[in-house]
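For the protein sequence lines, the chains are L and Y, in the order given. Just so we're aligned, residue 1182 is where the first sequence starts under my numbering, counting upward by one. Just so we're aligned, residue 1182 is where the second sequence starts under my numbering, counting upward by one. All C-beta atoms, glycine included, are put in the ideal place defined by N, C-alpha and C. Following: one structure in C-alpha cells, then a few remarks.
Number of protein chains: 2
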Amino acid sequence: MRVPQHVVDARRRDLASLIQTTGWLPIAEVCARLKVSEATARRDLDALEQSDVITRTRGGALGEFNQRFPSFRERQRVAAPAKRRIARAAAALIAPGSTVFLDAGSTVYAVAEALIARAPIGADSARPLTVVTNSLPVAELLADTDGITVSLLGGRYLRRLSIVLGPESVRHCADWSFDLVVLGAEGADAAGVTNSQPDVVAVQRAAVANARAHALCLDASKLGQRAPEPLFAWHQVQRLVTDADAARLDDAGIRILPSRLITA
Amino acid sequence: MRVPQHVVDARRRDLASLIQTTGWLPIAEVCARLKVSEATARRDLDALEQSDVITRTRGGALGEFNQRFPSFRERQRVAAPAKRRIARAAAALIAPGSTVFLDAGSTVYAVAEALIARAPIGADSARPLTVVTNSLPVAELLADTDGITVSLLGGRYLRRLSIVLGPESVRHCADWSFDLVVLGAEGADAAGVTNSQPDVVAVQRAAVANARAHALCLDASKLGQRAPEPLFAWHQVQRLVTDADAARLDDAGIRILPSRLITA
DNA sequence: GCCTATATGATTGAAAGCAATCATATAGCC
DNA sequence: GGCTATATGATTGCTTTCAATCATATAGGC
C-alpha cells in the first residue's frame, strides 16, 4: 500500500540519524525501530546508501563511514562475477619480473585482487612484481604481499576518491618505465573511451606514455555510456579486456581488431 | 600447524589496530590482510571480541564501537596532554600561505590535529596552507579541510607504518621548497636525535634539505632513549619543541641554545 | 472521480556467512 | 629427544542475508 511521500522521507531521515548515532545497526533492529518489513528496511538502506549517507554491510549498515573512508564503498562492493572474470584475464597479462601500473577504479582494484589470487610462486606466478599505483585502496591491498613491491605515486590527495592526482602524479610517472599499464574507464561508445575527471585522465595518459603496453578493462555496463573527458579513440587501444562479446561491442558501435580483444 | 605464541599475539594486535583505524572490516579483508584462512580469521575476531576490543557483526567486525560512547573528553584524556601542548606550540609556528612538511609519527600527527583546531579563518588562522607528508594518517586527517591542500609524497608503501618511504620519496622532496618541516624522533640523548629506520631518516633529511626552517617535536618520554639511526646532532636542531624544561634537558645531557628551545 | 505511478510486504531461489569437526604440523615442555 | 597441547586450514551442513519478482493498496496528478 502506497504511503505519502513525506512519511517516507521522514522515516529515512530518522533512520539516517539513528544509524549515525548508533554507528552500526543490524537489519532486524531497523525493522523493529521503523516497524516496517525487512523488504522496506532494505529499500530504505539502499536509498540512503545511494545518497552516500551510510554504508551497507552484510546484515546491517554503518554510519559515519563514508566521511572517514569514502573509498570503502568501492572496496566493499561485492565484485560482480563479470568484473572478477575481467580482472582474472587482465591479471594473466602480467609477466613475472615486470613493473605494472594499476589505475584507480573498482575494475582495476579487482585486478589487484586477482593478482593476489594468482599463484604466489611457481610457473604460474606473476611474481616478483613491482606495482605502481595512484590508488590507495590498491596500495593498501597489495602492500606486504610476498613478492610484490608497491609504490604510490605522489600528488594531491583526494579523500573522496582515495587517490592521488595532479601535476606531481603526472610528473612522477616519468620516473618509471612500465611493462604494462592497466586502466579502467567510465564510458565507452562509438567515439571512444571516456572518463569523468580530467586529472584522472592526465595520470592515465602519463602512465601510458611511459609504458611498453597497456590494457583497458571494461565491463559491459560501461558500453554506451559517455563521460565528459576523452581518454582513447578505439584505434589507440592496444588491449581491451571485457566481458562483452564481439556482437555486443558491435551493437555499441565499437570497432576493434579481434587480435586486440580479450573476452573474459 | 602450530605457530609461536608471540606470532599469534602480534597478529591479533595488528588486527585490532587495523580494525580500529578502518572502523569496520569484512572477514574476507581480514583473511587477505593477515594471510590466514577464514577459520583463523574468525578465531582471531572471536578472541578480540572476548577481550572487548572489537564488536563482531555478521560478515565482519567493528572497532571503536565500545569506545564510541565514552565522551570526547575522556578520549582526549587518553591522548597525552603533553603531546597536545607540544603539538599546539608547533602548529603556532606555521604561517598562513606557507608550505609545510609533516613527518610521520604520532607526535607530528598531533600537530595535524592542532592545525585543524586552529581558527579556520581570520587573523589567527594558519590557512591557506599546503601540507606535504609521507604519512597516510596525516593526509587522511587533513584532506578536504577547507584552506588546506594536502600532497602525499610518492614512494614505497609500508602498510605496517602507513607511510611511504624510499628513494622516490627522497627524490620527490626536491620538488618542493618548504617553509617549515615538522619532525618527530624516537630517541634523544647527549649524542643527538635518533630514529629507528634509516629510510625514515633519509626522508626527514631530504625534507630538511629543501626547507627554510625545521622544528623537532619531542615529548619528554623520549629523553635518554636512543634509536639506531642518527638524525641530528644538537647543534643542527633549529627549533626544539618539547614539554621538558631546560633543567630536564640538562639532566639528559642535552645542550641547546635557549633561543632555539620552545617549552610547551 | 479516475487513472497511473509507486510504496509496501510476501515469497523464493541463490549466495554468503557461520559453527562444528577433523587431520596435521609444530611449539613448548618434560 | 620425545610427548602433548594447540594453532591452523579444510570440509560439511546449517542459518542468515540478499536480490528479484509479484500482487496489492493507495497517493498524487489529471
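Outcome for residue i when other beta-carbon atoms lying within 10 angstroms are tallied against a minimum of 16
{"i": "Asp-1327 of chain Y", "result": "exposed"}
{"i": "Val-1384 of chain L", "result": "buried"}
{"i": "Asp-1195 of chain L", "result": "exposed"}
{"i": "Pro-1379 of chain L", "result": "exposed"}
{"i": "Asp-1424 of chain Y", "result": "buried"}
{"i": "Ile-1297 of chain Y", "result": "exposed"}
{"i": "Glu-1219 of chain Y", "result": "exposed"}
{"i": "Lys-1264 of chain L", "result": "buried"}
{"i": "Arg-1239 of chain L", "result": "exposed"}
{"i": "His-1395 of chain Y", "result": "buried"}
{"i": "His-1187 of chain L", "result": "exposed"}
{"i": "Ala-1355 of chain Y", "result": "exposed"}
{"i": "Val-1184 of chain Y", "result": "exposed"}
{"i": "Ala-1222 of chain L", "result": "buried"}
Distance CB(residue i)-CB(residue j) smaller than 8 Å
{"i": "Leu-1412 of chain Y", "j": "Thr-1444 of chain Y", "result": "no"}
{"i": "Val-1331 of chain Y", "j": "Val-1362 of chain Y", "result": "no"}
{"i": "Asn-1408 of chain L", "j": "Glu-1367 of chain L", "result": "According to the sequence as given, residue 1408 of chain L is Ala; it is not Asn. Yes. Within cutoff."}
{"i": "Leu-1322 of chain L", "j": "Leu-1364 of chain L", "result": "no"}
{"i": "Pro-1320 of chain Y", "j": "Ala-1295 of chain Y", "result": "Reading off the sequence shown, one finds Ala at residue 1320 of chain Y, where the question assumed Pro. The answer is no: Cβ separation not under 8 Å."}
{"i": "Gln-1419 of chain Y", "j": "Arg-1386 of chain Y", "result": "no"}
{"i": "Thr-1311 of chain L", "j": "Thr-1280 of chain L", "result": "yes"}
{"i": "Ala-1428 of chain L", "j": "Tyr-1338 of chain Y", "result": "no"}
{"i": "Leu-1206 of chain L", "j": "Leu-1215 of chain L", "result": "no"}
{"i": "Leu-1229 of chain L", "j": "Arg-1193 of chain L", "result": "yes"}
Chain Y residues whose Cβ lies nearer than 7 Å to that of residue i
{"i": "Ile-1329 of chain L", "result": "Those do not exist, as Ile-1329 of chain L stays about 11 Å from chain Y at its closest Cβ, beyond 7 Å."}
{"i": "Ile-1297 of chain L", "result": "Ala-1213"}
{"i": "Asp-1356 of chain L", "result": "Glu-1349"}
Residues near residue i by beta carbon distance below 7 Å, same chain, minus five either side
{"i": "Trp-1415 of chain Y", "result": "Gly-1373, Ile-1435, Arg-1436, Ile-1437"}
{"i": "Ser-1350 of chain L", "result": "Asn-1315, Leu-1334, Gly-1335, Gly-1336, Val-1384"}
{"i": "Pro-1309 of chain L", "result": "Pro-1277, Gly-1278, Gly-1328"}
{"i": "Ala-1410 of chain Y", "result": "In the sequence as presented, Ala is not what sits at residue 1410 of chain Y; that position holds Glu. The residues are Thr-1375, Asn-1376, Ser-1377, Gln-1378, Pro-1379, Val-1382."}
{"i": "Val-1189 of chain L", "result": "none"}
Own chain residues within Cβ distance below 8 Å of residue i, not counting five before or after
{"i": "Leu-1226 of chain Y", "result": "Leu-1196, Ile-1208, Val-1211, Ile-1235, Arg-1237, Ala-1242"}
{"i": "Arg-1266 of chain L", "result": "Asp-1424, Ala-1445"}
9 Å Cβ cut-off: residues of chain L touching residue i
{"i": "Ser-1332 of chain Y", "result": "Gly-1335, Gly-1336, Arg-1337, Tyr-1338, Val-1345, Gly-1347, Glu-1349"}
{"i": "Ala-1191 of chain Y", "result": "Per Cβ cutoff of 9 Å: no residues; Ala-1191 of chain Y is ~14 Å from chain L at best."}
Contacting residues, own chain, Cβ-Cβ under 6 Å from residue i (five flanking each side not counted)
{"i": "Ile-1344 of chain Y", "result": "Ala-1285, Asn-1315, Ser-1316"}
{"i": "Ser-1252 of chain L", "result": "Since pLDDT at Ser-1252 of chain L reaches only 42, below the 50 mark, its modelled position is unreliable, and no value is offered."}
{"i": "Ala-1369 of chain Y", "result": "Leu-1399, Lys-1403, Leu-1404"}
{"i": "Arg-1393 of chain L", "result": "Asp-1360"}
{"i": "Ala-1271 of chain Y", "result": "Val-1292, Val-1363, Ala-1396, Cys-1398, Val-1422"}
{"i": "Gln-1406 of chain Y", "result": "Gly-1368"}
{"i": "Ala-1371 of chain L", "result": "Gly-1434"}
Delimiting residues of the beta strand (DSSP E) encompassing residue i
{"i": "Val-1422 of chain Y", "result": "1421-1423"}
{"i": "Val-1363 of chain L", "result": "1361-1365"}
{"i": "His-1353 of chain Y", "result": "Not the beta strand (DSSP E): His-1353 of chain Y falls in the alpha helix (DSSP H), residues 1348-1354."}
{"i": "Asp-1370 of chain Y", "result": "1368-1370"}
{"i": "Thr-1221 of chain L", "result": "Per DSSP, Thr-1221 of chain L belongs to no beta strand (DSSP E); it is in the alpha helix (DSSP H), 1219-1231."}
{"i": "Arg-1237 of chain L", "result": "1235-1238"}
{"i": "Arg-1407 of chain Y", "result": "No beta strand (DSSP E) contains Arg-1407 of chain Y, which DSSP labels as neither H nor E."}
Interface residues of chain Y facing residue i [CB-CB closer than 9 Å]
{"i": "Arg-1223 of chain L", "result": "Per Cβ cutoff of 9 Å: no residues; Arg-1223 of chain L is ~14 Å from chain Y at best."}
{"i": "Thr-1375 of chain L", "result": "Within 9 Å Cβ-Cβ: nothing; Thr-1375 of chain L doesn't reach chain Y, min ~26 Å."}
{"i": "His-1187 of chain L", "result": "Within chain Y, no residue comes near His-1187 of chain L; the closest Cβ sits about 32 Å away, beyond 9 Å."}
Amino acids of chain L, ordered along the chain, whose beta-carbon sits closer than 7 Å to that of residue i
{"i": "Ala-1320 of chain Y", "result": "Tyr-1338"}
{"i": "Trp-1415 of chain Y", "result": "The premise fails here: Trp-1415 of chain Y is roughly 32 Å from chain L at the closest Cβ pair, so nothing lies under 7 Å."}
Unbroken alpha helix (DSSP H) run spanning residue i, endpoints
{"i": "Ser-1287 of chain Y", "result": "1287-1298"}
{"i": "Leu-1310 of chain L", "result": "It is not in any alpha helix (DSSP H) - Leu-1310 of chain L instead sits in the beta strand (DSSP E) that spans 1310-1314."}
{"i": "Ala-1396 of chain L", "result": "Run containing Ala-1396 of chain L: none in the alpha helix (DSSP H); it sits in the beta strand (DSSP E), 1395-1399."}
{"i": "Pro-1379 of chain Y", "result": "1379-1390"}
{"i": "Glu-1243 of chain L", "result": "Note that residue 1243 of chain L corresponds to Leu in the displayed sequence, not to Glu. Counting along the chain, Leu-1243 of chain L falls outside any alpha helix (DSSP H), though it belongs to the beta strand (DSSP E) covering 1241-1244."}
{"i": "Val-1211 of chain Y", "result": "1208-1215"}
{"i": "Ile-1329 of chain L", "result": "Element bounds for Ile-1329 of chain L: not the alpha helix (DSSP H) but the beta strand (DSSP E), 1329-1333."}
Contacts that residue i makes with chain Y (C-beta to C-beta distance below 8 Å)
{"i": "Gly-1241 of chain L", "result": "Thr-1238, Arg-1239"}
{"i": "Ala-1324 of chain L", "result": "Tyr-1338, Leu-1339, Arg-1340"}
{"i": "His-1395 of chain L", "result": "Within 8 Å Cβ-Cβ: nothing; His-1395 of chain L doesn't reach chain Y, min ~20 Å."}
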